[in-house]
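Per numbering that gives the first Met the number 0, the very first residue in the sequence shown carries number 0; after that it's consecutive. C-beta atoms are modelled at their ideal positions from N, C-alpha and C, and glycine is treated no differently. Step one of this worksheet: look at the structure below.
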Amino acid sequence: MALVFGFDIGTTSIGFAVIDHDPGQGTGKIHRLGVRIFPEARDPKALVPLNQDRRAARMRRRQLRRRRQRRQELGTLLHQNGFLPRRDSCAWNRVMGTDPYLLRKWAFNLQRTDSHESRNQVFAAMQAEQAKLPEWAFEGERLSPHAVGRAIYHLAQRRHFKGRDIDEIAGDDGTETSSRDADQEETDKQVMSARDDTRKALQQEGKTLGAWLAEREPNKCKRGVHALRQNVEDEFDQVWAPCLPNDQIREEVRRAIFDQRPVFWRRNTLGTCRFLPGEELCPRGSWLSQQRRMLEKLNNLQLVSPEQRCLDPEERQAILAKLQTQASMKWAGVQKALAPLYRERNQDGEQKRLKFNLQQGEEKKLLGNSIEANLAKIFGDGWPEHPHQQAIRDALHKRLWDADYGTCGGQRVVIRPAEERKEHREQAARYFIETFGISHEQAEEIKNLKLPTGWEPYSTEALQKILPLLKTGVQFGEIINGPDLVSWREETFPNHQGQTNQKGCDRLPSPKNNKQEREHLASLRNPTVARTRNELRKVVNNLIDMFGKPDLIRVELARDVGLSKREREEKQTGMKRQERRRNAARENLQERGISEPSRDHIEKWMLWEECGHQCPYTGDHICFEALFQKNEFQVEHIWPCSRSLDDSFRNKTLCRKDMNIKKGNQTPFECFGHNHEAWEAIKDRVNGMEASQEGGVGMSPGKIRRLLSEKPIPDDFTSRQLNDTAYAAKQVVAQLRQLWPDPGPKAPVRVQAVSGRITARLRWLWGLNNILGDTGEKNRADHRHHAVDALTVACTHPGMTQKLSRYWQEKDSPRPAVEKPNLPPPWETIRKDTEEAVSAIVVSHRVRKKVSGQLHKETIYGDTRKEETKGEVTYRFFVTRKNVEALSKKELKEQIRDDEVGRIVRDWVEKHGGDPKTAFKDSYPTLGENGHKIRKVRLLVKQQIETMAQASTGYADLDGNHHIVLYRLPNGKVDCKVVSLLRASRRLARREHVIQRERSDDAQFIMSLSKGDLLNLIQDNENKVVVVEGIWSPNRIVILDHNDAKGSSRTRPTASSLLLKSNARKISVDPIGRVRPAND
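Right under this line is the structure:
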């Protein structure tokens, strides 16, 4: 028998199984089952990498430091030239307390006067406002040097946004090339619009930004105005530069205020080409990339109405001829491109009836080649026959990109300054004139082109080899992943699976002592995949140490592992939508008299709604009684399960019973396609069942395409369903292949990625779903279900597809069966063996002892120095400011510190609907008739002293605890000490032990507990293993059963009660579940 490792890998779990299995003899033995649980590498709510907030906070700190340094440099420069007092003097505070907007206003008014009389008028107006400006601000009929310095210093404080050096433009398919999400893009558009409004207002009124802001109405905030850096620079040049004594000082002051660090990014953040890892990635703004993207979309284009089929060569060529010279084409334009061809075929007007699959998939246009479109526009009719056509295409991006970007040290790419970019673009224009002989007008247009930004995941050399296949009409997905082109990929890219391993490894290499593994992990842009690889390495190496190297490894990956934030959000939205439909179906069935609807009942109802109570094949009306009581209509597989192995909802519909028997083991087209009239009626009927909007009631476009497909099911389709070809699965397979030498195409297949669709069905057929429950459904509330999944994966050998196919053929056969069809388990005693192995599992949890994470929350509290003691816990009262819109009802009622302010705000909310979120939508209450608007209030907050720490100018709420230490005092009592993450980090910085075992009062160290640690204790006269989920001050520990995945067993006992009442003992569990006593 072969030694087989099976793995079920999710975003936070690895289930594993070690078995001996001989499929031919039907024998097997379970050596070990287990589960490893680890925290997600993304925030579970926001779905963003955990280090994203840390990087953003670090960037804010850098920005604050740079602003502080900029102001300090400017202040020193102005002081040295007599325009400001010394920074640490009383005079400095006096000058900084002056309203800078008034200074900027009057300086502008004085500057634009062109006669002695008008200047006297302005000065008289200034003196009339001397109540607002101090006497030291004037020297005769002009502002004093300190007033000038204060205004210039204010320019540095409010220098506003410079704008991007190079605007990132959207890709031609409408996707943004930047990493910002849609909400941020919408916010950016609103801010850009506000800046443009400010610019127009300044031009219309003929004022500088400072003068315009100074004259705003008192009830309008000045600090919330969006403006451009150029507006501030214009004011400096017009008003303040002439006040400085010479050009050298003017230039130094200008540099101190307006200089900005160059924008750069690192080359190693781009990733590598999967086919040619050593080659540079192809830029998305190149002609080659645009051509690849255009041909990919065109090759995916199919007709879905009035008939479903691929484009014929003439149709494809007709669209391509027009699409090639356009950035994109709307669907009406695609129909128009086909008009001449259909006219030749005597089908004039038929093209207007055409509908396409991408059109049904909510795509608004067909992607073209924006680079080719620009070049065709520049060169006109002579472009198709231009002697240097391809050379110009290839040189365009390199020359313009080199003009806009420079390199620094070979590792950084820096955006050049505007003047430098302009000069280099001029050089690029001269290059095109001298090299290709184009006209000056054409070179000028080329010089001004803006190209899409971003990068392909493939190198230029790889795309050059792929492009000929795309030109012949082969789909891009088939080229990079399709089974029919495996040999072509191996011949064209012999090393695309990585460097050949001639020796193999006894254990999977660790990044700590293997440079190649470190570099590979660093190149992974998906943090979930990186963490999964690390945890899998620990599990595999421990299993090898215990059982030796396996003969085979089979692995199944959850689809979530390789998904991006957007893809996960879309998946979760779809799951929630489907769950709502299921709940609605359950309620409707109960109203119709089915008190406890089964899973099959709910599925029938949903299919009934989807097809509009009509049989897709016959058009018969389906009433409730005929479907649920008389069984005149049945659920049927669109593609026969024996040939597709697809028992999912997307492969099911309803069908009249006799038609289901007639269809048998055929696709809809194979059964009804020979009768043209009947098939056309089915197409019209099914197309009318499409959902009106995404998530609406009706068939999805994908199901309609499958139901109306006229293509035969490929002969190897069932074998393909066994293999998982997703990105994350390939990463894991490549990692596991390192255990054997030469994992090339001719080597035996020792690592197989198994599809979850197959294993889910096998688990149900073998009766393993209810190992952990009695419902017949997989019990996801128990972590150990991952181990059962891993066992199923380990048993899923390639021959299983044929067995499943025969099973479905017998099950769906219209002929009455002598006995109920079944799929025999891998060996007879597998269920009994599984129950015994599962009962022995101790789930391994990753212990989080590393000192990392947010040290405290961002809100800074003021200290009132008032305290309150309850029992052994001391509380202190703090104050913080909060926007009135964000107040909760409890805060509104009880926590506003100022009584008068609280009364005014509560009255306002009561008069405006009672909800703080909407009460301040249009306006704010004021303190008195003409007082300040109340936008924020001070709240009184009661917090434990132990959970607060001094930070900056006040106190901050500690964000989390690192560990708790339990001591036994000399008198026998148990004492607990909770150590926050902040305190642990300070110990680490002082090079002290993070966990302190010794105390000055001779207390004896018992144990320390961190998140993920496991305890063996006695509860309700039962020996249990629990995991520490959290630590609360002052002495509570959050625990739950080691196998509890939903938190139903969660309790929060005190640490002392765990020792005294439950006799808790800390245990150590390694990655494969082996238990030993802990030594701390």
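So what does residue i bridge to, in DSSP terms?
i     : result
E678  : Here residue 678 is Trp; the residue named in the question, Glu, does not match the sequence. None, per the DSSP bridge assignment.
A948  : A955
F1004 : Y966
S12   : I36
D683  : DSSP, once it has assigned bridges, lists no residue as partnering D683.
S979  : N960
K354  : S304
Taking the alpha carbon of residue i as the reference point, which residue from the options has its own alpha carbon closest?
i     : options                  : result
V34   : N1078, P1076, D1069      : D1069
C640  : I621, K656, F623, Q665   : Q665
L606  : E419, F627, L297, S509   : F627
M698  : A150, N768, Q613         : Q613
Y404  : C610, Y457, D1000, P261  : P261
E866  : D832, K941, K849         : K941
P1033 : F355, S804, S979, L535   : S979
W400  : C407, K502, R415, G408   : R415
C407  : R488, S288, F263         : F263
L322  : N373, E349, G672         : N373
K972  : S1055, D1012, R902, L926 : S1055
Q110  : I18, R66, G205           : G205
Q441  : E477, G381, D897         : G381
V1027 : R31, D7, I36             : I36
V993  : V977, S999, D1000        : V977
From what residue to what residue does the alpha helix (DSSP H) around residue i run?
i     : result
F4    : That residue, F4, is in no alpha helix (DSSP H); its beta strand (DSSP E) goes 1-8.
D1080 : With the chain covering 0 to 1079 only, the question about residue 1080 has no answer from this structure.
Y100  : 99-110
E867  : From DSSP, E867 is part of no alpha helix (DSSP H) but of the beta strand (DSSP E) over 855-869.
G209  : 208-213
D667  : Sequence inspection shows Pro at residue 667; the Asp mentioned does not correspond to that position. Unbroken alpha helix (DSSP H) run through P667: 667-671.
In angstroms with no decimal places, state the Cα-to-Cα distance between residue i and residue j.
i    : j     : result
G755 : K335  : 44 Å
P700 : E709  : 15 Å
E214 : R398  : 48 Å
E175 : S369  : Only weak support exists for where E175 lies, its pLDDT of 38 falling under 50; the coordinates are left without a value.
C309 : K575  : 34 Å
G663 : P820  : 16 Å
R905 : K889  : 11 Å
V538 : I479  : 31 Å
Q734 : C504  : 11 Å
I933 : Q1018 : 55 Å
I593 : D599  : 12 Å
K881 : V846  : 37 Å
T11  : N778  : 17 Å
A375 : P383  : 8 Å
G672 : R591  : 38 Å
E609 : R705  : 15 Å
W678 : S643  : 22 Å
R579 : N230  : 53 Å
L535 : E490  : 31 Å
F160 : E455  : 31 Å
L466 : R194  : 44 Å
From what residue to what residue does the beta strand (DSSP E) around residue i run?
i     : result
V1120 : Lying outside 0 to 1079, the shown extent of the chain, residue 1120 is not represented and no answer is given.
I1066 : 1064-1068
C407  : 404-407
L302  : 301-304
V904  : Careful: V904 lies outside any beta strand (DSSP E), inside the alpha helix (DSSP H) at 898-910.
A752  : 750-752
T879  : 872-882
Counting beta carbon pairs with one atom in the segment 783-802 and one in the segment 12-32, are three or more of them shorter than 8 Å? The segment 12-32 vs the segment 783-802: in contact.
Sufficient close CB pairs (3 or more, under 8 Å) joining the segment 66-76 to the segment 242-257: Result yes; three or more Cβ-Cβ pairs closer than 8 Å.
Does the pairing of the segment 88-105 with the segment 136-150 give three or more beta-carbon distances under 8 Å? Touching, per the Cβ criterion.
Any contact of the segment 146-163 with the segment 79-91, i.e. 3+ C-beta pairs under 8 Å? The segment 146-163 vs the segment 79-91: in contact.
Would you say the segment 982-993 touches the segment 884-898, given that touching needs at least three Cβ pairs under 8 Å? With the cut-off at 8 Å, the segment 982-993 and the segment 884-898 do not touch.
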